[in-house]
Amino acid sequence: MKSIVFTQYGTTADLDYQEVETPVPAEDEVLVRIHASSVNDWDWVLLGGKSPVNRLLFGLFRPKVKTLGIDIAGTVAGTGRHVPDLQIGDEVWSDVSDKGWGGFAEYVCVPAKDLAPKPSCLSFEEAAATPQAGVLAIQSFLDKMNLKSGQHVLLNGAGGGSGCFAIQIAKNLGAKVTAVDKPSKFDAMRSLGADKVMDYAKEDFTKNLSAYDYILDFCGHHPLLHYRRALKDGGRYLLVGGSRSLILKMVLIAPLLSLLGSRKLKIMPHQANKYLDKLADLFERHQLKVVIDSTYPLKQAPRALDHFGSGLAVGKISISVTE
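Following the numbering used here, the numbering of the sequence shown begins with 327 at its first residue and continues without gaps.
Pasting the structure below:
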């Protein structure tokens, strides 16, 4: 099979498009023929190898992950003998970040329990653009927010993959949404329902004192006390992604700050594939749509990663694996 081979940390120039051996599923696994994948921030960060935490998890000197790509959509090509419920040709989708990654390839083996039926209303490219970004967005609202109609939510980094889903989910729940990102993404954010858009380079939303019931942050870098001052009494700040220094402060300092008063600062822990069924239902009821910035063939996955790294993509970048 063809695969984008990942053997060393660095840049996209260090990735190779090669023929490798097709994997064989274990007894409880499914061999998935990948039709599409997508690019996520986790791919970009792991490729660079600059995160000490990632180095500890995925290989100190060389990556244990052999192929990047954590979102997949495809068809069942084979099953282990302890997989009775899936048949050859069934359409499935999944986030495989907990199981060795491998989405930038023609085939991958996935535990059967981590696969879900792909919504029939989505193309493979749309489905593959959803598992991680969509789950991070909906999980934030369902697990960490008690959002009520009319409350004010600020989404920082709202023009990216998770942000585009979060705008729609927040509006479905009746919230007022302020979306922060680059001006080039304003039209898209407005079309998804954002009530106000803000240029992060010209306006610091943390200077808006006691303005927001919730802040959902996909690219955090402000001081913790600045986030805190922007929250209303009883408000909550949730960090999904951000600088390494901010993540460290959220782990060490935010719990102490959250003990002082009613404003809370929390990290949003990712749980792969949680609420895929709820996302599927929203798609089927036409209450959610996928925003795809661009699609690249598998061979050009390094170019797709470079485009992601530019920060200019609106929504998700898709990788089409099959012709």
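Ideal Cβ placement from N, Cα and C applies to all residues, glycine included. On a predicted model such as this, the values are computed, not experimentally measured, just so you know.
Return the chain-ordered list of same chain residues with a C-beta closer than 8 Å to the C-beta of K528, the five sequence neighbours on each side being excluded.
-> Closer than 8 Å at the Cβ level, and outside the excluded window around K528, lies no residue.
Contact check, G428 vs G395, beta carbons under 8 Å | yes
For the segment 488–496 and the segment 459–469, state whether three or more C-beta atom pairs, one from each stretch, are separated by less than 8 Å.
-> A contact exists between the segment 488–496 and the segment 459–469.
Whole angstroms is fine: what's the gap from G415's alpha carbon to M327's?
-> 18 Å
Exposed or buried, which one is K390 when buried takes at least 16 other CB atoms within 10 Å?
-> exposed
Can you tell me the Cα-Cα spacing of G476 and M524, whole angstroms?
-> 20 Å
Kindly list the residues whose CB is nearer than 6 Å to the CB of R554, restricted to its own chain and excluding five residues on each side of it in sequence; keep chain order.
-> R589
CB-CB under 6 Å to E355, same chain, minus the five flanking residues each way: which ones, in chain order?
-> Correct list, in chain order: G406, C435, P437.
Note down the Cα distance separating L631 from P378, rounded to an integer number of angstroms.
-> 21 Å
In the structure shown, what three-state DSSP assignment does R349 receive?
-> Position check: residue 349 holds Pro in this sequence, whereas Arg was assumed. Note: P349 maps to coil in three-state DSSP.
Spatially closest choice to G486 from A598, V566, T348, by CA coordinates | Cα-wise, what sits closest to G486 is V566.
Straight-line CA distance for V577 to Q413?
-> Roughly 44 Å between the two C-alpha positions.
Exposure label - P509; buried when at least 16 CB within 10 Å | exposed
CA nearest to the CA of T393, picked from G400, Y538, L480, K425 | Of G400, Y538, L480, K425, the residue nearest in Cα terms is K425.
Does DSSP put E452 in a helix, in a strand, or in coil?
-> helix
Rounded C-beta distance between N482 and V506? I'm assuming under 8 Å.
-> 5 Å
Could you please give the first and the last residue of the uninterrupted alpha helix (DSSP H) stretch that includes W427?
-> That residue, W427, is in no alpha helix (DSSP H); it is neither H nor E in DSSP.
Quick one, which of G561, E451, A431, A463 has its alpha-carbon nearest K474's?
-> G561
Just the Cα atoms here: how many angstroms apart are A627 and E347?
-> Their backbone Cα atoms lie some 19 Å apart in a straight line.
Nonlocal neighbours in the same chain, by C-beta distance under 6 Å from L608, ignoring five residues either side | L614
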